[in-house]
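Remember, the numbering used here sits 5 above the position in the sequence shown when you count from 1.
From the three backbone atoms N, C-alpha and C, an ideal C-beta is built for every residue, glycine too.
Let me begin by presenting the structure, written as structure tokens, before commenting on it.
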Amino acid sequence: MLRRVAGPFVTGLVFLAPVLLTIVILQWLSGYVVAALGPGTIVGGALARGGMLVTQSPEMAFLAGLGIAALFVWALGLLVQTQARARLEGGLDGLMGRIPVLGGFYRPLAQMVRMIGGAAGGELQGMAPVSVRFGDDTEVLALLAAPQTFDIGDGPRHLVLLPTAPVPVGGALVFVAVDRVRRVPGIGVDDLAKFYVSMGTIPLPAVARR
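This is how it looks when you write it as structure tokens:
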């Protein structure tokens with residue numbers, strides 16, 4: 006009797022699990038957003054002061070500031086969609102790259118975000134997806150960091166970036182014997198990045214799934 010009652014409940018819970026997890030994750034992310042951009046933060050205070058140009062109500066000033074910021078982001082998006090994109094990205098990269106500590110985090114993140122977003126170019130786009138074989142029955146999809154080979158004392162080696170999931174930029178650079186590295190045709194760097202970010206849920210176009 007208990008199994009008959011609990012069975013449908015568990016089935017329904019499993020069916021709704023993706024929706025519930027999505028809500029939990031969004032709530033978790035919104036907590037960080039509020040903590041970073043809320044009225045009591047530096048950014049939130051700046052938004053509220055900007056909103057005071059539109060209204061004198063302290064409660065409405067923050068919302069007005071958000072609206073002004075959203076309008077600015079929208080206008081910036083229109084500008085980026087034009088031929089000025091490369092110039093704007095270059096200027097922003099140069100500015101952020103000169104900031105100590107922060108620049109080291111910004112550069113790889115910017116490359117990864119633009120690559121996943123479909124932006125052409127970038128240093129990571131110059132890499133090639135490869136398969137690295139460890140032992141007899143283990144392969145890892147990685148990125149060939151440089152086209153040339155290196156010799157550090159034990160024969161030619163490829164310099165390979167082993168990504169990690171779900172943040173591919175946090176991987177490891179390793180020297181691997183040339184005969185254990187092979188290129189994977191039909192896979193782009195953006196495809197490999199999406200594969201790692203999605204924890205393997207987004208299939209690779211050139212890899213058969215059985």
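Check	Outcome
Do Ala177 and Leu167 have their C-beta atoms within less than 8 Å of each other?	yes
Assuming the contact rule is C-beta atoms closer than 8 Å, Gly70 and Ala91 should be a hit. Round their C-beta distance to whole Å, please.	Actually they are not in contact, since the Cβ atoms of Gly70 and Ala91 sit about 30 Å apart, beyond 8 Å.
Measure from the alpha carbon of Gly43 to the alpha carbon of each residue in Ile28, Glu64 and Leu58, then state which is nearest.	Glu64
Which term fits Gly137, buried or exposed, when burial requires 16 or more other beta carbons within 10 angstroms of its beta carbon?	The amino acid at residue 137 is misidentified as Gly; the sequence shows Val. By the 10 Å Cβ count, Val137 comes out buried.
Give the secondary structure of Leu167 by DSSP, where H, G and I count as helix, E and B as strand, and everything else as coil.	strand
Relative to the C-alpha of Thr206, which residue among His163, Pro171 and Ala147 is closest?	Pro171
Tell me whether the beta-carbon of Met132 lies closer than 8 Å to the beta-carbon of Val194.	yes
Apart from the five residues just before and just after Asp156, which ones in its own chain have a Cβ nearer than 8 Å to its Cβ?	Arg162
Could you say which of Phe180, Pro210 and Phe200 lies nearest to Pro190 if we only look at CA atoms?	Pro210
What does DSSP give as the partner residue(s) for Thr143 in the beta ladder?	Phe139
What did DSSP end up calling Leu31 once you bin it into helix, strand or coil?	helix
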